[in-house]
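S.K.: Sharing a structure with you now.
There are 2 protein chains.
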Amino acid sequence: MTSEPTMSDSKNTLTNAVHDLLRRAIIEQALKPGMRLPEDTVGEQFGVSRTIVRHALVRLENEGLVITRRNRGAFVAEPSREEAQQIFEVRRCLENEVIRILCERLPSNACDRLEAHVRSEETVKGKDGPVSIRLAGEFHILLAELTGNEVLARYVTEVVLRCSLIMSLYARTHSSDCAVDEHSQIIEAIRAGDAARAIGIMDHHLGAVAGRAELSPRADSIQSILSRYGKELAQ
Amino acid sequence: MTSEPTMSDSKNTLTNAVHDLLRRAIIEQALKPGMRLPEDTVGEQFGVSRTIVRHALVRLENEGLVITRRNRGAFVAEPSREEAQQIFEVRRCLENEVIRILCERLPSNACDRLEAHVRSEETVKGKDGPVSIRLAGEFHILLAELTGNEVLARYVTEVVLRCSLIMSLYARTHSSDCAVDEHSQIIEAIRAGDAARAIGIMDHHLGAVAGRAELSPRADSIQSILSRYGKELAQ
DNA sequence: GGCAAGCAAATTGTATCCAATTGACGGAAA
DNA sequence: TTTCCGTCAATTGGATACAATTTGCTTGCC
């Protein structure tokens, strides 16, 4: 589940490699939001031509991790607070569905895999580094993949990745202590087939994650701020 | 809402144009599932180079409307019955969320726009042509866009389009008579703020749509069919 | 008659090349 | 001093050329 079997693993080798590398770099905050991604710089770095980089960037844009401006190039996305709330809304909806499905039909080895993952999360517990961020996200991705619904899994993957990006932008702290514990609780509830409780925990969990990002208070989009100052200038 | 303002309308003009054109052609069944899409054939047809076509195809692949095989090229997707069920599952989940949101916060002009759309659906009622298929889908897309949640709207758009493709593969009939009527009922329920009823209708509606496609009965993958005919030939 | 190997055609994968657009810098005029 | 305009460097948008891979067919052998 880690990261590779992205449905296009064995094809488009180079494009895929660059795509995965860039995505990882973004999620782990090596590439920070707003940072430019010039095609030939990236290309030289990886020893491939712009063509490859370009294709990778197109994909990343589709995933919402990168935005491109015409004739300006690609930038690591900087989700607005509004966008962040929308993403969290969708994520909650999707993950609740995941829980619902898993409580109905849980694959045999599911709990083992989930618990194994939580253990690996615990080994990096305390360190608030990029690795723990990635692992925390991958727990949810694993959960989605266990449903067997690949479409659902793909969407959950996308939203989770974007949430990682959001947290790197807005979160005050990444203290994942409680998170790991809640992951365990979710496993418990699912094993018991208690959908209601599992959804409750998940809601609380996502709420906590979203809460750690200060999404609501400030008005965020430049235009929403400036719109209060009159529009007369723009002819 | 019709089709253009796809968040990247004014940029990448050529790529976008080809992308939209191909998508439309697929949804309206001008390009049938399984049909090949050679890059230079398409390119010549539209008077652009392979570069453009390829970018468009990458996008379409991300949307699940085409698949590409390494060194073989791109084909219009032929969703398996299993995949189709997964898509319907996700669609139901997402559209229920749409309803829930709309019952809470309904934009002022929403009902007008929805009813206008239903009226335009009624004008082509009876004719089971590609246009009515597209319009039926666009009702749901409009619904999603009215939530104001762009992420949600994007996912709904994707699933709805894929459902159109699925229907063109598996549906016995496209009789959209009942569908249009149910669209009206959904508007009614939303206007009344009755989320439970609206969701009920939507569930029934999607169930009917999914039911019109004979998804469950036959095993569909080639290998699962042929496996019953003995495997002795293949060494 | 069937099977395997090898060759040729077609198509994609990748790199390089030219053109067009953008943003920045600097100079000139008000 | 400030604003405006023109030129220039940098970077992407798009097209073409070459390499690698696959496929289907032909040929020859069993």
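Protein chains in written order, with my numbering: chain A, -12 to 222; chain B, -12 to 222.
Beta carbons: idealized from backbone N, C-alpha and C, even for Gly.
(1) Do you know how far the Cα of E26/B is from the Cα of R41/B?
(2) Secondary structure at T144/B, three-state DSSP: helix, strand or coil?
(3) Just to confirm my understanding: we take L18/B, look at its own chain, exclude 5 residues before and 5 after, and list those with CB closer than 6 Å. What are they?
(4) Quick one: which residues of the region 130 to 155 of chain B get their C-beta closer than 7 Å to a C-beta of chain A? List them in chain order.
(5) What residues match up with R23/B in a beta bridge as DSSP calls it?
(6) Which ranges would you report for the alpha helix (DSSP H) in the region 75 to 119 of chain B if only whole runs of at least 4 residues count?
(7) Exposed or buried, E70/B, counting other C-beta atoms within 10 Å across all chains shown (16 or more means buried)?
(8) Quick one: list the residues of chain B neighbouring N96/A, beta-carbon separation under 7 Å, in chain order.
(9) Between the region 20 to 49 of chain A and chain B, which residues of the former have CB atoms less than 9 Å from a CB of the latter, in chain order?
(10) What residue range does the alpha helix (DSSP H) around V196/B cover?
(11) What does the alpha-carbon distance come out to for the pair T2/B and R46/B?
(12) Considering just the uninterrupted stretch of the alpha helix (DSSP H) at R159/B, what are its terminal residues?
(13) Just to confirm, is the Cβ distance from D190/A to R57/A under 9 Å?
(14) Taking 9 Å as the threshold (beta carbon to beta carbon), is V77/B in contact with chain A?
(15) Compare the C-beta of I74/B against all C-beta atoms of chain A and say whether one is closer than 9 Å.
(16) Are S171/A and V105/A close, meaning C-beta to C-beta below 9 Å?
(17) What separation, rounded to the nearest whole angstrom, lies between the Cα atoms of E137/B and L81/A?
(18) Determine, using beta carbons only, whether I14/A comes closer than 9 Å to chain B.
(19) Using the beta-carbon count (16 or more within 10 Å), is T23/B buried or exposed?
(20) For a contact meaning CB atoms closer than 7 Å, what does E84/B contact in chain A?
(21) Please state the DSSP three-state secondary structure of R57/B.
(22) Report the CB separation of I14/B from L148/B in whole angstroms; it is logged as a contact under 8 Å.
(23) Out of curiosity, what's the CA-to-CA distance linking A97/A and L129/A?
(24) Since I224/A and P66/A are thought to touch, with beta carbons under 8 Å apart, how far apart are those beta carbons, to the nearest angstrom?
(25) Starting from T38/B, trace the alpha helix (DSSP H) both ways and give me its first and last residue.
(26) Can you name, in chain order, every residue of its own chain whose Cβ lies under 7 Å from the Cβ of A43/A, other than the five neighbours on each side?
(27) Report the rounded CA-to-CA distance for A140/A versus L156/B, giving the unit in angstroms.
(28) What residues in its chain sit with their C-beta under 7 Å from that of V77/B, if we drop five residues either side in the sequence?
(29) For chain A, is any of its Cβ atoms less than 9 Å away from the one on I173/B?
(30) Assuming N136/B is part of the alpha helix (DSSP H), what are its boundary residues?
(31) Could you give the residue range of the alpha helix (DSSP H) that holds L8/B?
(32) 9 Å is my cut-off, CB to CB: does G51/B come that close to chain A?
(33) Is there a Cβ from chain A that is less than 9 Å from the Cβ of I128/B?
(34) Taking just the CA atoms, how far does E102/A sit from T0/A?
M.R.: Result, derived from the coordinates:
(1) The residue given as residue 41/B occupies position 54 in the second sequence. The residue given as residue 26/B occupies position 39 in the second sequence. Each residue's alpha carbon lies about 7 Å from the other.
(2) As a position in the second sequence, residue 144/B is number 157, starting the count at 1. In the structure shown, T144/B sits in a helix (DSSP, three-state: H, G or I).
(3) For the purposes of this step, residue 18/B is identified with residue 31 of the second sequence, where counting begins at 1. A12 and V63.
(4) N136, E137, V138, L139 and Y142
(5) Residue mapping note: residue 23/B aligns to position 36 of the second sequence, counting from 1. F62/B, per the DSSP bridge assignment.
(6) 97 to 110
(7) Counting from 1 along the second sequence, the entry for residue 70/B is found at position 83. By the neighbour-count rule (16 or more Cβ atoms within 10 Å), E70/B is buried.
(8) Within the first sequence, residue 96/A is the residue found at index 109, counting from 1. Those within 7 Å of N96/A in chain B number zero; the least Cβ separation is about 21 Å.
(9) T38, R41, H42, V45, R46, E48 and N49
(10) Against the second sequence, residue 196/B aligns to sequence position 209. It spans A182 to R199 - the alpha helix (DSSP H) in which V196/B sits, taken as one unbroken run.
(11) By one-based count along the second sequence, residue 2/B stands at place 15. By one-based count along the second sequence, residue 46/B stands at place 59. Rounded to whole angstroms, T2/B to R46/B spans 10 Å at the Cα level.
(12) Indexing the second sequence from 1 puts residue 159/B at position 172. Neither: R159/B is in no alpha helix (DSSP H) and is coded neither H nor E.
(13) Translated into positions along the first sequence, residue 190/A becomes position 203. Translated into positions along the first sequence, residue 57/A becomes position 70. Going by C-beta atoms, D190/A is not nearer than 9 Å to R57/A.
(14) Here residue 77/B refers to the residue found at position 90 when the second sequence is read from its first residue. It does: the Cβ of V77/B has a partner Cβ on chain A nearer than 9 Å.
(15) Position 87 of the second sequence holds residue 74/B. By this cut-off, I74/B is an interface position.
(16) Within the first sequence, numbered from 1, the residue matching residue 171/A stands at position 184. Within the first sequence, numbered from 1, the residue matching residue 105/A stands at position 118. In this structure, V105/A lies closer than 9 Å to S171/A by Cβ.
(17) The residue given as residue 137/B occupies position 150 in the second sequence. The residue given as residue 81/A occupies position 94 in the first sequence. If you take the alpha carbons of E137/B and L81/A, they lie about 15 Å apart.
(18) The residue labelled residue 14/A in the question sits at position 27 within the first sequence. So no, I14/A is outside the interface.
(19) Residue 23/B sits at position 36 when you count from the first residue of the second sequence. The question names Thr, but residue 23/B in the sequence shown is Arg. R23/B should be labelled exposed.
(20) As a position in the second sequence, residue 84/B is number 97, starting the count at 1. What E84/B touches in chain A: C80.
(21) As a working note, residue 57/B is residue 70 in the second sequence. DSSP places R57/B in coil when its eight states are reduced to three.
(22) Position 27 of the second sequence, counted from the start, is the residue given in the question as residue 14/B. Position 161 of the second sequence, counted from the start, is the residue given in the question as residue 148/B. Going by Cβ atoms, the distance from I14/B to L148/B rounds to 6 Å, so yes, they are a contact pair.
(23) Here residue 97/A corresponds to residue number 110 of the first sequence, with the count starting at 1. Here residue 129/A corresponds to residue number 142 of the first sequence, with the count starting at 1. Answer to the nearest angstrom: the Cα atoms are 9 Å apart.
(24) Nothing can be reported for residue 224/A: it is not among the residues displayed for chain A, which extend from -12 to 222.
(25) By 1-based counting over the second sequence, the position of residue 38/B is 51. Per DSSP, T38/B belongs to the alpha helix (DSSP H) from R37 to N49.
(26) For the purposes of this step, residue 43/A is identified with residue 56 of the first sequence, where counting begins at 1. Cβ within range, chain order: T2, V5, H6 and L9.
(27) Position 153 of the first sequence, counted from the first residue, corresponds to residue 140/A. Position 169 of the second sequence, counted from the first residue, corresponds to residue 156/B. Going by the C-alpha atoms only, they are around 24 Å apart.
(28) Counting from 1 along the second sequence, the entry for residue 77/B is found at position 90. Result list for V77/B: V146, in chain order.
(29) Counted from its first residue, the second sequence places residue 173/B at position 186. Output row for I173/B: interface = no.
(30) The residue labelled residue 136/B in the question sits at position 149 within the second sequence. No alpha helix (DSSP H) contains N136/B, which DSSP labels as neither H nor E.
(31) Against the second sequence, residue 8/B aligns to sequence position 21. Here the alpha helix (DSSP H) through L8/B covers T0 to I14.
(32) Locating residue 51/B in the second sequence gives position 64, where the first residue counts as 1. Closer than 9 Å: yes.
(33) Reading the second sequence from its first residue, position 141 is the one you call residue 128/B. No, I128/B lies away from the interface with chain A (no Cβ there is under 9 Å from its Cβ).
(34) Translated into the one-based positions of the first sequence, residue 0/A becomes position 13. Translated into the one-based positions of the first sequence, residue 102/A becomes position 115. Cα-Cα distance, rounded: 32 Å.
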